[in-house]
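Data block below; observations after.
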Amino acid sequence: MLVDLAPQQGATGIQLRNPGATPIYGQVRVYAWDQTQGEDVLTPTQDIQASPPIIQVPPNGEQLVRLVRVGKELAPLEKSYRLVIDEIPDPSTPLVNGVVLRMRYSVPVFVAGATPEPAPELAWHLSRQDKEWVLRLDNSGTRYAQVASLQLLSGADAPLAKVDGLLGYALARRERQWRFPAKQDAAGQIRIRALVNGSNVTITPRVD
Numbered sequence: 001m002l003v004d005l006a007p008q009q010g011a012t013g014i015q016l017r018n019p020g021a022t023p024i025y026g027q028v029r030v031y032a033w034d035q036t037q038g039e040d041v042l043t044p045t046q047d048i049q050a051s052p053p054i055i056q057v058p059p060n061g062e063q064l065v066r067l068v069r070v071g072k073e074l075a076p077l078e079k080s081y082r083l084v085i086d087e088i089p090d091p092s093t094p095l096v097n098g099v100v101l102r103m104r105y106s107v108p109v110f111v112a113g114a115t116p117e118p119a120p121e122l123a124w125h126l127s128r129q130d131k132e133w134v135l136r137l138d139n140s141g142t143r144y145a146q147v148a149s150l151q152l153l154s155g156a157d158a159p160l161a162k163v164d165g166l167l168g169y170a171l172a173r174r175e176r177q178w179r180f181p182a183k184q185d186a187a188g189q190i191r192i193r194a195l196v197n198g199s200n201v202t203i204t205p206r207v208d
């Protein structure tokens with residue numbers, strides 16, 4: 001799940017559903033999302049406000065969470081946020097001693113820039129560091145890149161690494177790094193197959 005807002009769109013909403021038999025309580029917050037030295041960085045923000053900030057989703061029920069932009073000025077570059085929902089204890093139940101695991105849900109939220117590009121501009125770099133492959137994705141465009149179902153292949157499609165499902169995002173004008181265990185050496189040219197924003201791509205990365 002992700003949320004895309006048009007450049008001048010002031011608000012949107014997402015529907016949360018609870019398929020279980022007990023209520024779910026949660027705290028809702030929005031963070032500005034950046035990437036520094038190839039890693040995600042979240043910081044509190046007032047650019048977008050979530051309502052309600054505390055939710056109660058009934059059993060087999062739904063809860064609408066509205067996202068409202070405080071300022072609607074056009075930004076030259078796409079802005080990135082994370083809607084974070086932390087599960088909290090039922091306030092009517094007594095405290096329990098010991099460790100209680102609570103779920104955290106993180107939803108990407110993007111506000112398009114004034115002149116959004118239809119696709120990101122990507123450069124793929126691969127290096128071997130000790131017992132790991134390090135993949136660096138440089139995004140020089142003004143739109144995010146969502147990467148999923150990634151395979152590192154060498155020679156006659158020999159698999160070096162594989163990630164099922166979502167791998168992550170390279171934000172606009174940012175770079176993102178991922179590491180994979182290097183279980184074997186590459187034999188021949190290395191290729192990458194992946195889904196980028198839902199489209200199949202095959203790339204020959206630069207090997208450093």
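Yeah, the sequence shown ends on 208 if you go by UniProt numbering, and it's all consecutive.
Every residue, glycine too, gets a C-beta built ideally from N, C-alpha and C.
Check: Figure out for me which residue from D130, A182, A170 and R173 has the closest Cα to the Cα of Q151.; Outcome: A182
Check: Who are the near neighbours of D138 in its chain, counting only those whose CB is closer than 6 angstroms to its CB and skipping five residues on each side?; Outcome: A123 and E175
Check: Give every residue of the same chain whose Cβ lies closer than 8 angstroms to the Cβ of Q189, excluding the five residues on either side of it in the sequence, and list them in chain order.; Outcome: S154, G155 and T204
Check: Determine, using beta carbons only, whether T22 and L77 come nearer to each other than 7 angstroms.; Outcome: no
Check: Where in the UniProt domain "Pili assembly chaperone N-terminal" (6 to 111) do unbroken runs of the beta strand (DSSP E), each at least 3 residues long, occur, reported from the N-terminal end onward?; Outcome: 11 to 18, 24 to 36, 39 to 44, 48 to 51, 54 to 57, 61 to 69, 79 to 88 and 104 to 111
Check: Have a look at G165, R136, A32 and A50 and flag the residue whose alpha-carbon is nearest the alpha-carbon of R179.; Outcome: R136
Check: Note down, in chain order, each residue of its chain lying with its Cβ closer than 7 angstroms to the Cβ of G168, except the 5 sequence neighbours on either side.; Outcome: V147, R176 and W178
Check: Quick one: what's got a C-beta closer than 7 angstroms to A114's C-beta in the same chain, skipping five residues either side?; Outcome: P7, L74, A75 and P76
Check: In its own chain, which residues sit with a C-beta less than 8 angstroms from the C-beta of A172, not counting the 5 before and 5 after it?; Outcome: L77, E78, S80, G113, P120, N139, G141, T142, R143 and Y144
Check: Roughly how many angstroms separate the alpha carbons of W9 and D47, rounded to a whole number?; Outcome: Correcting the residue identity first, residue 9 is Gln in this sequence and not Trp. In a straight line, the C-alpha of Q9 is about 13 angstroms away from that of D47.
Check: What do you get for Y105, buried or exposed, if any count of 16 or more other CB atoms within 10 angstroms of its CB means buried?; Outcome: exposed
Check: Please list, in chain order, all residues of the same chain as Y86 whose beta carbon is under 7 angstroms from its beta carbon, the five residues on each side excluded.; Outcome: It should be noted that the sequence gives Asp, not Tyr, for residue 86. The answer, listed in chain order, is G26, Q27, R102 and R104.
Check: I need the straight-line Cα distance from S199 to D157, nearest angstrom please.; Outcome: 20 angstroms
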